[in-house]
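In what follows, a structure is listed as structure tokens, so that the remarks can point back to it.
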Amino acid sequence: MRRLLKLALLKPELAATLLLLLLVLFFQIKSNMIFLTYDNLRGMLGFLPEVGLVAVGVTLLMICGEFDLSVGSVFALMPMTMAVLMVADWGFWPATGVGLLLSAFIGFLNGWITIKFEIPSFITTLGMLFMARSLTVVVSGGFPPRLNMDNIPEHLFISYVGPYDMFRASFLWFVGVALVVGFLLAKTNFGNWVRATGGFLPAAEAMGIPTNKVKIICFMICSVLAGFAGLIQVLRLGSPLPSIGEGMELQAVAAAVIGGTSLYGGIGSVLGGIIGAMLIRVIDNGMVMAQVNSNWFKFAVGALTIFAVVGNSWLRKRGRAMKVETKQ
Amino acid sequence: MTKLKSLMFAAILSTVSTAALAADPLDIAFTVHSGASNTFWQAVQKGYEDACAKVAATCQMVYVQTDGSAQEQVANMEAAIARKPTALITSIVDNTAFDDVIKRARDAGIIVIASNVDDLEGAAGNARQAFIGQGFVPAGYSLGKAQSANFPKEGPIRVLMGVSAPGQNWSEARAKGVLNFMDDYIKANPDRDIKYERIDSGTDLAVVSDRVGAYLLAHPDTNAYFDTGFWHAGVARVLADRKIAPGKVLLGGFDLVPEVLEQMKAGYVQVQVDQQPYMQGFMPVMEIYLAKTAGLAPSDIDTGQGIVTPDMVDGIMEKSAMGIR
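Chains as they are written, first to last, in the working numbering: chain A, 1 to 328; chain B, 329 to 653.
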């Protein structure tokens with residue numbers, strides 16, 4: 001039992017999970033039991049895949065020891081590219097393919113520049129944040145093109161599915177992607193390489209791990225997931241506005257950190273990133289429900305970020321300090 | 329002979345005016361508080377560039393990187409003034425932050441015209457020479473008044489006011505206008521139970537739809553939602569998802585963008601206020617041209633509190649595709 005408790009305390013996402021449960025309970029009571037109603041859950045689950053997919057990519061990259069601040073801009077650029085191509089009579093799939101390839105290319109550029117010129121990814125991707133956002137405006141000419149929803153297979157992305165139409169199809173994509181990335185991280189050599197690269201780079205290089213390739217692949221996965229998430233949001237809202245995703249990069253980093261991902265790399269989990277993203281959504285939504293003065297929204301997210309990280313650190317220290325008998 | 333004289337006169341006049349323009353071309357900078365990705369501003373920019381082309385002015389539109397950042401905008405204004413342009417057009421989203429830089433521009437002989445957003449104290453607030461844009465408080469009042477025609481004729485009324493950017497003049501002033509109307513409406517209907525609430529609704533379609541969607545669940549008796557921008561288009565999607573019929577929750581806001589026009593056609597948005605952004609870009613350049621060439625003093629222009637209703641949408645959509653509305 002003690003051994004199980006120690007293992008649980010060492011899990012990076014534990015503090016965030018506990019906090020999430022407490023907040024859900026708090027908002028459920030404060031909102032006169034409306035928070036967990038069908039309509040509200042359905043609304044939140046419709047939004048979650050979009051922030052969740054970005055958080056998954058950012059978490060993976062942070063475990064690998066790097067940052068990507070350009071995700072919010074790629075989130076807008078990918079669907080804008082797709083929409084502009086569709087207006088020029090391209091089919092949905094080729095236009096989406098080009099958009100995703102562009103996202104992958106931006107991820108590649110982020111990784112390549114960071115490694116080749118040995119500069120912090122914080123700087124590379126900060127530059128890319130501005131460049132990709134600017135490209136979004138240039139591509140659209142400032143005026144968002146109108147999407148003809150008749151040419152889009154909505155059932156594959158945004159239609160409601162599942163029991164009582166509880167989820168959108170995007171939720172299934174999100175779960176699928178999270179499972180694949182989680183599996184990659186936990187059960188494959190690639191996952192070990194990612195942790196080793198982010199945990200202690202010189203040792204990883206000494207062991208012969210192709211750290212540069214690992215980093216570039218993580219950058220590309222992160223960027224493609226951001227682009228894909230943007231596509232889902234645009235299909236859901238029916239509107240490729242060039243301003244979507246602004247500020248999302250900081251939310252995604254906050255989600256990863258709240259979920260227990262270390263800013264120094266090597267530690268973290270996909271589940272933690274998802275729980276972090278859920279926490280932010282729950283706070284935002286719950287505060288409206290609980291009729292808390294909305295001027296306090298950002299304060300709450302900030303305070304909870306600090307609280308979750310301090311909680312994580314404390315729980316892990318307790319876990320490490322806990323003595324467990326080892327069998328001879 | 330008379331014909332020949334006329335032709336010669338016309339040729340000389342055209343040469344002189346072209347030479348005058350070429351000798352002293354207008355150099356105009358337009359600094360705004362928005363990022364380039366805000367669709368609304370692209371129509372302002374189009375008006376501005378079209379006007380510049382008409383008077384052969386050298387023009388530059390300068391956006392900020394962080395939406396709503398007054399300090400970034402002030403820095404852009406400083407940079408623009410440093411190259412001593414003929415005129416500076418700017419939005420004034422804060423009552424004090426721009427006072428000093430505008431005064432220095434005026435002292436340096438630069439014409440300064442406010443566009444889109446003005447100091448809440450108007451001409452008394454700083455040294456700008458004219459304001460071309462919407463009177464936000466009256467526009468908010470007009471919106472509230474127009475939408476009130478669709479309020480239930482009896483029983484209680486609950487209204488939600490979404491403030492898109494708390495603390496920014498444009499958003500606060502529009503909200504104030506709507507709420508001023510609501511106060512008057514309450515006074516005019518003393519026997520009815522009428523309430524309103526303010527919310528920080530945000531400037532992202534997804535966030536606004538989530539927040540307002542949550543509010544509507546917590547308060548299913550809500551009759552109307554007003555937005556200080558165009559983000560209630562996202563709320564319309566939420567209502568459609570929840571299979572709530574158009575008109576059950578009345579929606580209204582500001583500015584004509586394609587998403588709002590589509591939701592007006594669908595019946596979810598009943599009233600919208602148009603501030604004619606193209607005019608806000610076009611007219612300041614014309615006033616600067618007249619000030620330099622004819623010595624006419626720049627003067628205020630109210631670009632409109634035009635109420636747009638669903639029956640007007642088709643005609644507007646054509647103009648919208650041209651980037652004019």
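Backbone N, C-alpha and C fix where the C-beta goes; we use that ideal spot for every residue, glycine too.
Counting only runs that start and end inside the region 216-297 of chain A, the alpha helix (DSSP H) elements of at least 4 residues fall at 248-258 and 270-289. In this model, A/Gly191 and A/Arg316 are separated by some 22 Å (Cα to Cα). In terms of Cβ geometry, B/Ala408 and B/Ala357 form a close pair [threshold 8 Å]. Exclusion of the five residues before and after A/Arg236 leaves Ile158 as the residues of its chain whose Cβ lies within less than 6 Å of its Cβ. Those residues of the region 68-100 of chain A placed with their C-beta closer than 8 Å to a C-beta in chain B are Ala76, ordered along the chain. Cβ neighbours of A/Met278 within its own chain (closer than 8 Å, five residues either side excluded): Leu20, Leu48 and Gly52. Beyond the five residues adjoining it in sequence on each side, A/Gly268 comes within less than 8 Å, by CB distance, of Pro12, Thr59, Met62, Ile63, Ala256, Gly259, Gly260, Thr261 and Ser262 in the same chain, given in chain order. Residue environment for A/His155: exposed (fewer than 16 other C-beta atoms within 10 angstroms of its C-beta). B/Asn366 sits buried, since 16 or more C-beta atoms from the chains shown fall within 10 Å of its C-beta. In this chain, the alpha helix (DSSP H) harbouring A/Glu205 covers Leu201 to Ala206. Within the region 47-61 of chain A, the residues whose Cβ lies closer than 8 Å to some Cβ of chain B are Phe47 and Glu50, listed in chain order. For A/Leu172, the closest of A/Gly182, A/Phe183, A/Tyr160 and A/Tyr164 by C-alpha to C-alpha distance is A/Tyr160. Residues of the region 14-43 of chain A with a C-beta atom less than 9 Å from some C-beta of chain B are Ser31, Asn32, Ile34, Phe35, Thr37, Asp39, Asn40, Arg42 and Gly43, listed in chain order. By alpha-carbon distance to B/Tyr469, the top candidate from B/Asp446, B/Asp512, B/Ala436 and B/Ile441 is B/Asp512. In the DSSP annotation of this structure, the continuous segment of the alpha helix (DSSP H) that includes A/Thr114 starts and ends at Phe92 to Lys116.
Just so you know, the alpha carbons of B/Pro484 and B/Val597 end up roughly 21 Å apart. Under the DSSP assignment, A/Ile158 falls outside any beta strand (DSSP E); it carries neither an H nor an E label.
CA-CA distance, B/Ile572 to B/Val465, rounds to 31 Å. The beta carbons of B/Val440 and B/Leu416 sit about 5 Å from each other, so the pair counts as a contact at 8 Å.
When C-beta distances to chain B are compared with 9 Å, the residues of the region 274-290 of chain A below that value are Arg281, Asp284, Asn285, Gly286, Met287, Val288, Met289 and Ala290, in chain order.
A/Thr125 has a beta carbon lying at 8 Å or more from every beta carbon in chain B. Cα atoms of B/Thr414 and B/Ile644: separation of roughly 34 Å, rounded to the nearest angstrom. The Cβ of B/Gly363 sits closer than 8 Å to at least one Cβ of chain A.
In this structure, A/Ala254 sits near A/Gly276, with a CB-CB distance shorter than 8 Å. Rounded to whole angstroms, B/Asn478 and B/Asp549 show a C-alpha spacing of 15 Å. In this structure A/Ala76 touches A/Thr136 by the C-beta definition: roughly 5 Å separates them, less than 8 Å. For a Cβ distance threshold of 7 Å, residue set Ser365 of chain B lies close to A/Arg133, ordered along the chain.
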